[in-house]
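The structure appears right after this line, and notes come after that.
Protein chains: 2
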Amino acid sequence: MVVRARRRHTNVMNTRTPLISVALFCISSLALSETPAEMHTPVYDKDQLVLPANYREWVFLSAGFDMSYSPVASPGHHMFDNVFAEPLAYKSFLQAGTWPDKTLLVLEQRGARGKGSINQHGNYQDGAVMGLEVHVKDVARFEGGWAFFQFDGKTTGKLVPHTEDCYSCHASHAAVDTTFVQFYPTLLPLAKSKGTLSKSYQP
Amino acid sequence: MVVRARRRHTNVMNTRTPLISVALFCISSLALSETPAEMHTPVYDKDQLVLPANYREWVFLSAGFDMSYSPVASPGHHMFDNVFAEPLAYKSFLQAGTWPDKTLLVLEQRGARGKGSINQHGNYQDGAVMGLEVHVKDVARFEGGWAFFQFDGKTTGKLVPHTEDCYSCHASHAAVDTTFVQFYPTLLPLAKSKGTLSKSYQP
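Here the protein sequences line up with chains G and B, keeping their order.
All you need for our numbering is the position in the first sequence, starting with 1, plus 11.
All you need for our numbering is the position in the second sequence, starting with 1, plus 11.
The following block contains the structure:
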């Protein structure tokens, strides 16, 4: 539930944006979208995305616990979600306050355990991966520049169709370039300082 | 509270270990303890440890939520803790199932937020770092081979005296080499398969 509520996208701009801003945005987007050399870029198998095998060694952005964007809370079980960024895309974000083209972000969901070993309260992460989704920026390939792929325990993931409301939700609510930087505590201040927050973003 | 309950150590061996096992353990420890070239090793400023500035780019081991090892639950506020390993120490663990000498592990505690932006339920991580602690393996320097350093918003951390019960707790309960690998979901199966679980460890 968190994944689908969390992963949504279309273009950040809206029709009210004055022409001069559009022009400036396009210029800066080109500059900011440069893909760093040696970055791990998306690998496709026909229309599917190949899972980056070593994403657990990428840069951790944050973890959430039982997050839900729905007014109705999630059912009985607890869940963690961890988000990882490709390291050179992350370094690029540190410089620019936004993501370069070919960025890969991985959302990993894990079950939560309560009592176990010496833990008495709260929760720690379980060995079982409950869900895996990748958010890809590939401007030449995808409507709006980004796409979500879902992995059902396989090494290639299926494209989530751009008609799904996850895309429009990300476009409406994401802090930076349709990504939920508002939940990544080390990146949000950077985006603020670099002036890359989306106009539609509400803290 | 989590930090102090979580960070405890002494030597894994006990006096009941037969001599032949001791000898084998010492040989294998020497092999496993080799520090990889180019690893970020501990830097000391007199008796304090210098905080590794880029620890957020290290390998994420796991995150916990409101974890407590005490029978009494923590007070009113929620908290996340994130754990990071120096990347080459992590790679060494993947090979050996235990940590090389000079390993640095960082525990970062962050406040938790509930409702915010579009999040309605559960918690996400706050910008404020509430606590920071580093667990260092430095066999030549510390009693039992490991030490904890606490950082109070500074760039150098104070040694937690080896008389503190965090050390004995880690020695008694930690899954691998006095570290709480039982809470790091990608490392625990590795330690099991490589036979490096501590004898005293209880799942």
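Beta carbons: idealized from backbone N, C-alpha and C, even for Gly.
Note that the coordinates shown come from a computational prediction; the quantities given were computed from them, not determined experimentally.
G138/B carries a strand assignment under DSSP once its states are collapsed to helix, strand and coil. Among the bridge pairs identified by DSSP, Q120/G is matched with D92/G and G142/G.
Under the 8 Å criterion on CB atoms, A100/G is classed as non-interfacial with respect to chain B. Looking at the backbone, the Cα of K165/G and that of F194/G are separated by about 27 Å.
About 5 Å separates the beta carbons of T109/B and T207/B, which is inside the 8 Å limit, making them a contact pair. Short of 8 Å from the beta carbon of G127/G, and not among the five residues preceding or following it, lie these beta carbons of its own chain, in chain order: Y135. In the structure shown, the three-state DSSP call for S73/G is strand. Around the beta carbon of P111/B, 16 or more other beta carbons sit within 10 angstroms, so the residue counts as buried.
Interface annotation, H146/G: not in contact with chain B, CB-CB separation never under 8 Å. For N134/G, the nearest CB of chain B lies under 8 Å from its own CB, placing it at the interface with that chain.
Close CB contacts of E49/B within its chain, under the 8 Å cut and outside five residues either way in sequence, are with L99 (chain order).
Taken atom to atom, the span from the alpha-carbon of F76/B to that of F91/B is near 5 Å. K169/G is bridged by DSSP to Q161/G. Residues of the region 185 to 200 of chain G with a Cβ closer than 7 Å to any Cβ of chain B, in chain order: Q193, F194, P196, T197, L199 and P200. If you draw a straight line from the Cα of F153/G to the Cα of P86/G, it comes to about 33 Å. Taken atom to atom, the span from the alpha-carbon of L118/B to that of V145/B is near 6 Å. Contact note: A84/G reaches chain B through Q131, H132 and G133, using a C-beta cutoff of 9 Å and chain order.
DSSP places L208/G in the coil class of the three-state scheme, outside both helix and strand. The C-beta of G133/B has 16 or more other C-beta atoms within 10 Å across all chains shown, which makes the residue buried. Proximity of chain B to R121/G at the Cβ level (cut-off 8 Å) is accounted for by P196, in chain order.
Here S103/G carries a helix assignment [DSSP, helix/strand/coil].
Between A139/G and the set G125/G, R121/G and P47/G, the nearest pair of CA atoms involves R121/G. Under a 10 Å Cβ-count criterion, V83/G is classified as exposed, with fewer than 16 other Cβ atoms of the shown protein chains found around its own Cβ. Listed as beta-bridge partners of S128/B by DSSP are no residues whatsoever.
For the 8 Å CB-CB criterion, T189/B and W157/B form a contact.
Selection P53/G, L72/G, A186/G and D137/G evaluated against P200/B yields D137/G as nearest (Cα-Cα). For A64/G, no chain B residue has a C-beta closer than 8 Å to its own C-beta; the minimum C-beta separation is roughly 13 Å. Nearest to V70/G by C-alpha distance, out of L62/G, A64/G and F95/G, is F95/G. Around V150/G, no beta-carbon contact reaches into chain B at under 9 Å, the shortest distance being about 25 Å. Residue nearest to H88/G within the set M141/G, L105/G, V150/G and I129/G is M141/G (criterion: CA-CA distance). Here V171/B really is in contact with F160/B; their C-beta atoms are around 7 Å apart, less than 8 Å. Around the CB of S79/B, 16 or more other CB atoms lie within 10 Å, so the residue is classed as buried. Interface criterion met: the Cβ of A74/G is under 8 Å from a Cβ in chain B.
In this structure, the straight-line span from the alpha carbon of V192/B to that of A186/B is close to 5 Å. If you compare the alpha carbons of K57/B, E97/B and L62/B with that of P47/B, the shortest gap goes to E97/B.
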